[in-house]
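What follows is a single structure, written as C-alpha cells, with notes after it.
There are 2 protein chains.
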Amino acid sequence: MKERGARPSFFSEKINKRDVCMKFNELSAEERAALLSQYTAEYEAYRARGLRLDLSRGKPAAEQLDLSNGLFQALSAEDCRATGADYRNYGLGEGIPAMRHLFSELYGVPEELILACGNSSLQLMHDTLMRCMVFGVGDGHTPWCREERIKWLCVTPGYDRHFAITERLGFELISVPMTEDGPDMDMVEELVKDSAVKGMWCVPKYSNPTGNTYSEETVRRLVSMPCAAPDFRIFWDNAYAIHDLELDGDVLADVFALAEEVGNEDRIYYFASTSKITFPGAGVAMMAASKHNLAHLKPLMNLQTIGYDKINQCRHVAFLKDGATTMAHMHALADSLRPKFACTLRHLSELRALGIASYTEPKGGYFVSLDVLPGTARRVFFLMKEAGVTLTQVGATFPYGVDPKDTNLRLAPTYATLEELELGMSILVLAVKIAALESMV
Amino acid sequence: MKERGARPSFFSEKINKRDVCMKFNELSAEERAALLSQYTAEYEAYRARGLRLDLSRGKPAAEQLDLSNGLFQALSAEDCRATGADYRNYGLGEGIPAMRHLFSELYGVPEELILACGNSSLQLMHDTLMRCMVFGVGDGHTPWCREERIKWLCVTPGYDRHFAITERLGFELISVPMTEDGPDMDMVEELVKDSAVKGMWCVPKYSNPTGNTYSEETVRRLVSMPCAAPDFRIFWDNAYAIHDLELDGDVLADVFALAEEVGNEDRIYYFASTSKITFPGAGVAMMAASKHNLAHLKPLMNLQTIGYDKINQCRHVAFLKDGATTMAHMHALADSLRPKFACTLRHLSELRALGIASYTEPKGGYFVSLDVLPGTARRVFFLMKEAGVTLTQVGATFPYGVDPKDTNLRLAPTYATLEELELGMSILVLAVKIAALESMV
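In order, the protein sequence lines correspond to chains A and P. Our numbering puts the first residue of the first sequence at 1458, with every later residue one more than the last. Our numbering puts the first residue of the second sequence at 1458, with every later residue one more than the last.
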C-alpha cells in the first residue's frame, strides 16, 4: 500500500496508542511551575506587541494569486467564438466542452459525466442537497423533506462549511473519526445499516483539516458497503485533488471506476473546483455524477439556470490550457506553499518532542491538524486571540461546532506571509506549552 | 397617467372589445378560397427554399454582444485590489460595494437592500424558491414543502422559465390575464384571499412577452392588497428595467417605496441582471429585499457559497462605470434593436389591417406578443416550422405550456439579422393569413 503523508493523531481512539505528555510529565511540579512562569513572561512580551495575524482561513496568499494574473488578459472575444458557438450568449448548461475536457484530464473522471459550472463547488453541493430535499435523488425516491428524520455522517475533524449545511437542513450529524486511511470504515459500515442515514461528507484527498488521503481499501469499502437507505449518497468533495506539496503526492483511488465495479456509481456525487488553482471565488467548479444521476439532475439544473459563466470557463481553458500546463502551475503554487508548511511543522516538532501535541504532516492540501492535550484547545485559542493571532474557532472542525475532547486546532499556514507565520507559530508553541502546563497543575 | 407602449390584445377578455376578422370576414367564400390558394402558392415558394431561421428565443444578436467586448480587457489585477480588499480571494458574500452601488443607481433601489451575485437572476429566483420550500420565508413561517397545497399566480402570457420552476415544485399555477396596465388586479385581489396562494411571478416592465409595463396603480394595488397567506411573496423580475427602445420609455413605479408606505416591503423579492446589458450568462445578477428579509436570507445564502464572482463584478464596474455610462451603452444597444422591432411591426400591420391579428407595440424589452385568430396559433407555428422558421413553441407563454385559446405567439426579433427577420416576417404574415382563411371555411 502506498504511504500517505498524514500521521496518527489524538482524534481517533483507534490509533491513539502513543503515550502523551512524556516530557512535561517527567518534570516535578516545581519544575513545571518554573517553566510556566518563564513561558508566560515570553508570551506577555509577544502580547504587548499588539499583533494582528490571521491563521484561521484556508485562503491563498496574494503571492499565490499573482501566479494566476495571466487570467486577466487570457481571453478575447474571438476566443469565445472559436468553436462556432458564441460563448458570450446563452446556452450550454453543461458547460463548454473544452472545460469539461480539462476537468476530465485533471481528475480522471470521464468527460461525459462532468458538468462545468459556476464559481463555487460549495454551491453545487448545497444545491444538490436542496434538490434532494425538494425532489429526492431520483424518480421513485422520496424527497428528503418528507422524511421524518435524516442522519448524516461527518468525518471528523472535517470541514465546517460542509457540516453547517447539513446542520441547517435539520439532519442529525454523526461524527466518524478520521484515521490514517480515511474514515473509520468499521464504524461507517455499521452506521449505514440505519435507513435514516442518507449520506456522508467526504474530502477524500488531503482532507480538510487533517491532510489524510483515503486508502484504496477505504474507497472500495465506501462504494461497496450495503446501505439500508436506497438513496444513500456520498458527497465526494475532491477539493485538493491536484494540490500536492511534493512531487510524490498521495494517490487517490478512482472512485467512479471502483463504484462501477460493484454497480454503485449512483452513490457518488463528485465535486471539485479551480478555487485553489486560480482565484478563489472566481474560478470554475465542476460536478460529476453517473449517467443515471445526470439524467435526473440535468433537467433540474436547467430549471435553475440557462447556463453558467461560459466566458470564465473559456478564460480558464485559455490560461490553464491542458493537464500538463495546469500541473506546472500547481508546482509553482506548491513552491510558494512549501516553506510555509515547513515552517509550521518545524515549530510544531518542539511540541511533539515535549509530548504535548500530535499533528499531521500532509503532503498536500491547505491545512495542518494539530491536537493539543485534551481539554486545552480552547485555552490555546484564547491565549492566541489575546496575543492578536486568530486561529480557526475551536470546534469548527466538528459537527455542531463542538470538539468533544477540546483537543483539535486547524492551522491554515497559507494566507500569512512567511514572516507572519514564523511569528504566529512561535506564539502558538508558547501558548500550547502554557496551556499544557496549566492543565497539569 | 403616463402612456405605456403596449396596446390591447386578444389575450385579455376585459379589453378585447375590438372587432376581429373585419376584412377577411367581409369577403365571400369564393374570394377567401381564391386568396387561400394564392397565399398557399406564395408560401410553397418560400418553403421550397429550405430556409433555417430562428425567431424563438430572446437572445441578443452578435452585433449587440460586440458592444460589450470592452469587458474582455477592462480589468487588471490591480483594479481588483484597488479598494484594499483583494477581490481575487474569498469573501464578500453580498457582492462588491461598487457593483451594489451601480445597481442602486440603475434600478433606484437602496444600496443596502441589494446583493450583487452571480451570473444568473433566474438562479436567484429558483434558489429563493428552494429556500422558501425548505426553510420558509422567515422565522416562524412554515417551510412550503410542508404545505398541503400551494397555488401560484402567473400573469399570462408570461415567461416560460418562470412557470417551469413553480410547475416542477408542484404548485398549482393560476393564470391571470395581462391587461394594458399589468395583471388583472380585480382578479388578483380576489385570488389572494385564498391562503394557499403563496406568491406570484411579475415582470413589471416590458413584460415578457407582451412588453407591457405595470401602471403605478397596479404596483400600488400589488403591494397593498390584503393577502390571506402571511408568507405571500411577489417575485419581481425587473429584467428589462433599463431596456428602452426609445428615449421616452415606460416609467415603472418604485415598488419598494410604495410597499414601504403600507408596511409591506417584506412582500417583495426583487431581481435583475446585466444579462441583456452585457453578455447573457456572463453578466452579474442582483437580488434586493427588505432588511427584514435580508436578515433571514443572507445567512442562508452564506451557507450556499462563500461568495459570488467578485472579479466579474469588478470587471462590470470597470466597463459600465456608472449610471450615465451604462445608459449610453443601453442607447447603443437600442439603436441596434430598433430597426428589428420596426421591421416586425411593419409586417404585422398588414395583419391588423386585415383584422386577423392584434399585437403589442412595446417601447422596450425583447419581445412582441402576437395574437392570431383563436384556434390558429398552432397552425401558424406548424406552417412556419415547415418553412424552416422556428417560433417560440405555442403555449410556452402559458402555465403548463397550454394556451387555452391557441392564439398567442411570442416573437423574438433580436437574435436574427435584419435580413433574416425581413424574410421570416414575410413568411409569418403569409402563414397567419393562410391559417385565418383556413379557419373561416
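Glycine residues also receive a C-beta, built at the ideal position from the N, C-alpha and C atoms.
Out of P:Phe1798, P:Ala1752, P:Leu1508, the CA that lies nearest to the CA of phenylalanine 1824 of chain P is found in P:Phe1798. Interface criterion met: the Cβ of tyrosine 1544 of chain A is under 9 Å from a Cβ in chain P. Per DSSP, the continuous alpha helix (DSSP H) segment holding lysine 1797 of chain P begins and ends at 1780–1810.
Counting only the Cα atoms, glutamate 1624 of chain A lies some 7 Å from tyrosine 1857 of chain A.
With its beta carbon at least 9 Å from every one in chain A, aspartate 1617 of chain P lies outside the interface.
Within chain P, the C-beta atoms nearer than 7 Å to that of arginine 1625 of chain A come from Leu1760, in chain order. Shortest Cα-Cα distance from tyrosine 1564 of chain P to any of P:Arg1803, P:Tyr1697, P:Ala1534 involves P:Tyr1697. A direct Cα-Cα distance of roughly 7 Å separates asparagine 1769 of chain P from glycine 1740 of chain P. Between leucine 1848 of chain P and leucine 1830 of chain P, the CB-CB gap reaches or exceeds 9 Å. Taking all protein chains shown into account, glutamate 1722 of chain P has 16 or more neighbouring C-beta atoms within 10 Å of its C-beta and is therefore buried. Taking the CA atoms as reference points, serine 1577 of chain A sits about 13 Å from asparagine 1546 of chain P.
Annotation for leucine 1808 of chain A: Ala1814, Val1886, Val1889 place their beta carbon closer than 7 Å to its own, counting only its chain and skipping 5 residues before and after. Rounded to whole angstroms, the gap between the alpha carbons of serine 1632 of chain P and leucine 1586 of chain P is 19 Å. For aspartate 1617 of chain P, the CB contacts under 6 Å within the same chain, skipping 5 residues up- and downstream, are Ala1853 in chain order. A Cβ of chain A is located within less than 9 Å of the beta carbon of tyrosine 1765 of chain P. Remark: C-beta atoms of lysine 1862 of chain P and tyrosine 1544 of chain P do not approach each other more closely than 9 Å. Going by DSSP, threonine 1623 of chain P is part of the alpha helix (DSSP H) stretching over 1617–1625.
Under the DSSP assignment, lysine 1890 of chain P falls in the alpha helix (DSSP H) whose first and last residues are 1875–1896.
Between aspartate 1688 of chain A and glycine 1595 of chain A, the C-beta spacing is below 9 Å. With respect to threonine 1801 of chain P, aspartate 1828 of chain P sits apart: the two C-beta atoms are not nearer than 9 Å.
When C-alpha distances from threonine 1731 of chain A are compared across A:Asn1759, A:Ser1652, A:Glu1637, A:Leu1777, the shortest belongs to A:Leu1777. The beta carbon of tyrosine 1857 of chain P does not come within 9 Å of any beta carbon belonging to chain A, so the residue lies off that interface.
Contact between asparagine 1526 of chain P and glycine 1812 of chain P is absent: CB atoms are separated by about 46 Å, not below the 8 Å threshold.
Judged by DSSP in its simplified three-state form, methionine 1635 of chain A adopts strand. Arginine 1690 of chain A sits close to isoleucine 1725 of chain A, with the two beta carbons spaced by under 9 Å. Under the three-state reduction of DSSP output, tyrosine 1872 of chain P falls in the coil class, being neither helix nor strand.
Of all residues in the segment 1499–1517 of chain P, the ones placed with a Cβ closer than 8 Å to any Cβ belonging to chain A are Arg1514, Lys1516, Pro1517, in chain order.
Comparing C-alpha distances from threonine 1783 of chain A to each of A:Phe1560, A:Gly1515, A:Glu1877 shows the shortest one belongs to A:Phe1560. Under DSSP, arginine 1690 of chain A shares a beta bridge with A:Gly1656. Residue burial is scored here from C-beta neighbours: histidine 1749 of chain P has fewer than 16 other C-beta atoms within 10 angstroms and is therefore classed as exposed.
If you ignore the 5 residues before and after phenylalanine 1855 of chain P, its C-beta comes within less than 6 Å of the C-beta of Thr1613, all in its own chain and listed in chain order. Non-local beta-carbon contacts of serine 1747 of chain A in its own chain, meaning distances under 6 Å to residues more than five positions away in sequence, involve Glu1722, Asp1723 in chain order. A distance below 9 Å separates the beta carbons of alanine 1745 of chain A and tyrosine 1727 of chain A. At least one CB of chain P lies nearer than 9 Å to the CB of tyrosine 1547 of chain A.
Among the residues of the segment 1566–1585 of chain P, those with a Cβ less than 8 Å away from any Cβ of chain A are Gly1575, Asn1576, Ser1577, Leu1579, Gln1580, His1583, Asp1584, in the order of the chain. The beta carbon of arginine 1588 of chain A is closer than 6 Å to those of Leu1757 in its chain, skipping five residues each way along the sequence.
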